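To keep things clear, I will list the structure first and then write my remarks on it.
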Amino acid sequence: GEDVEQSLFLSVREGDSSVINCTYTDSSSTYLYWYKQEPGAGLQLLTYIFSNMDMKQDQRLTVLLNKKDKHLSLRIADTQTGDSAIYFCALRESSASKIIFGSGTRLSIRP
Amino acid sequence: GAVVSQHPSWVICKSGTSVKIECRSLDFQATTMFWYRQFPKQSLMLMATSNEGSKATYEQGVEKDKFLINHASLTLSTLTVTSAHPEDSSFYICSAIYRGPGNQPQHFGDGTRLSIL
Numbered sequence: 014g015e016d017v018e019q020s021l022f023l024s025v026r027e028g029d030s031s032v033i034n035c036t037y038t039d040s041s042s043t044y045l046y047w048y049k050q051e052p053g054a055g056l057q058l059l060t061y062i063f064s065n066m067d068m069k070q071d072q073r074l075t076v077l078l079n080k081k082d083k084h085l086s087l088r089i090a091d092t093q094t095g096d097s098a099i100y101f102c103a104l105r106e107s108s109a110s111k112i113i114f115g116s117g118t119r120l121s122i123r124p
Numbered sequence: 039g040a041v042v043s044q045h046p047s048w049v050i051c052k053s054g055t056s057v058k059i060e061c062r063s064l065d066f067q068a069t070t071m072f073w074y075r076q077f078p079k080q081s082l083m084l085m086a087t088s089n090e091g092s093k094a095t096y097e098q099g100v101e102k103d104k105f106l107i108n109h110a111s112l113t114l115s116t117l118t119v120t121s122a123h124p125e126d127s128s129f130y131i132c133s134a135i136y137r138g139p140g141n142q143p144q145h146f147g148d149g150t151r152l153s154i155l
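These protein sequence lines map, in sequence, to chains W and Z. With the first letter of the first sequence counted as 1, position 5 gets the number 18 in this note's numbering; the numbers rise by one all the way through. With the first letter of the second sequence counted as 1, position 60 gets the number 98 in this note's numbering; the numbers rise by one all the way through.
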């Protein structure tokens, strides 16, 4: 089955850019998502990209997709303390309703 | 605002008690709802997929008789943890997909923290 991997931790200085990476194994994934989870809360959809796109930008968020390398990244510009959270990448096939989550990357911000 | 409401947000109960968790889609009809379990500092583990009016599809290793799922309407799914024990303590999250064409992302509830004493 699909295997989605992320690094567990990332620490960045406030004001710098954060880049969270995700690799996957199943090339049939059509929809690729980034979710944010704050402590004790559910998941918030941040952004998503279709597999026929290479890049998507939404305000401070930039998603890059490298289909050849099966690599997805989320860049957060001008990282703020409110960005501290766990970030999950998730993938879904067009014919399937369920999505597969990565392990999550815990982003911490240092002053 | 929230598009999926999950209730209760926190439950503490004695071992042997059955606990029901509700998941409601607000302002939209959900063809499919999902139930996840999340252990501390871990990712979400899909427990079951619930389609309105039909039996839920459980993931491998999830006990159907332990985790009862009912999806009686297009806006409500319930998860009942029967005869709960301390090992069932966890964070349970539901999500729902809007009934419509194209890419419909999952909208998540805020989760239910279940603590069994």
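Virtual Cβ for every residue (Gly too), placed ideally from N, Cα, C. What you are looking at is a predicted structure, and each value in this text was computed from that prediction instead of being measured.
Between the CA atoms of residue j and residue i - distance to the nearest angstrom
i, j, result
"Trp48/Z", "Ala94/Z", "24 angstroms"
"Gln44/Z", "Gly147/Z", "5 angstroms"
"Ser115/Z", "Pro124/W", "43 angstroms"
"Tyr130/Z", "Tyr74/Z", "6 angstroms"
"Met71/Z", "Asp96/W", "28 angstroms"
"Arg26/W", "Ile122/W", "6 angstroms"
"Arg73/W", "Ile33/W", "14 angstroms"
"Ser31/W", "Asp82/W", "21 angstroms"
"Lys104/Z", "Gly54/Z", "12 angstroms"
"Thr75/W", "His123/Z", "44 angstroms"
Per DSSP, cross-strand counterpart(s) of residue i
i, result
"Leu152/Z", "Val49/Z, Ser128/Z"
"Ile107/Z", "Leu117/Z"
"Thr118/W", "Tyr100/W"
Residue range of the beta strand (DSSP E) that includes residue i
i, result
"Ala98/W", "98-106"
"Arg26/W", "22-26"
Minimum Cβ-Cβ distance from residue i to chain Z less than 7 angstroms
i, result
"Ser121/W", "no"
"Phe22/W", "no"
"Ser41/W", "no"
"Gly117/W", "yes"
"Gly55/W", "yes"
C-beta neighbour in chain W for residue i, strict 7 angstroms
i, result
"Ile154/Z", "no"
"Ser81/Z", "yes"
"Pro143/Z", "yes"
"Asp65/Z", "no"
"Thr87/Z", "yes"
Proximity test, residue i beta-carbon vs the ligand GDP heavy atom, cut-off 6 angstroms
i, result
"Arg75/Z", "The model depicted lacks the ligand GDP and carries no ligand whatsoever."
If you pair each beta-carbon of the region 14-27 of chain W with each one of the region 55-71 of chain W, do three or more pairs fall below 8 angstroms? no
Within the chosen definition, does the region 90-105 of chain Z reach the region 113-121 of chain W through at least 3 CB pairs nearer than 8 angstroms? no
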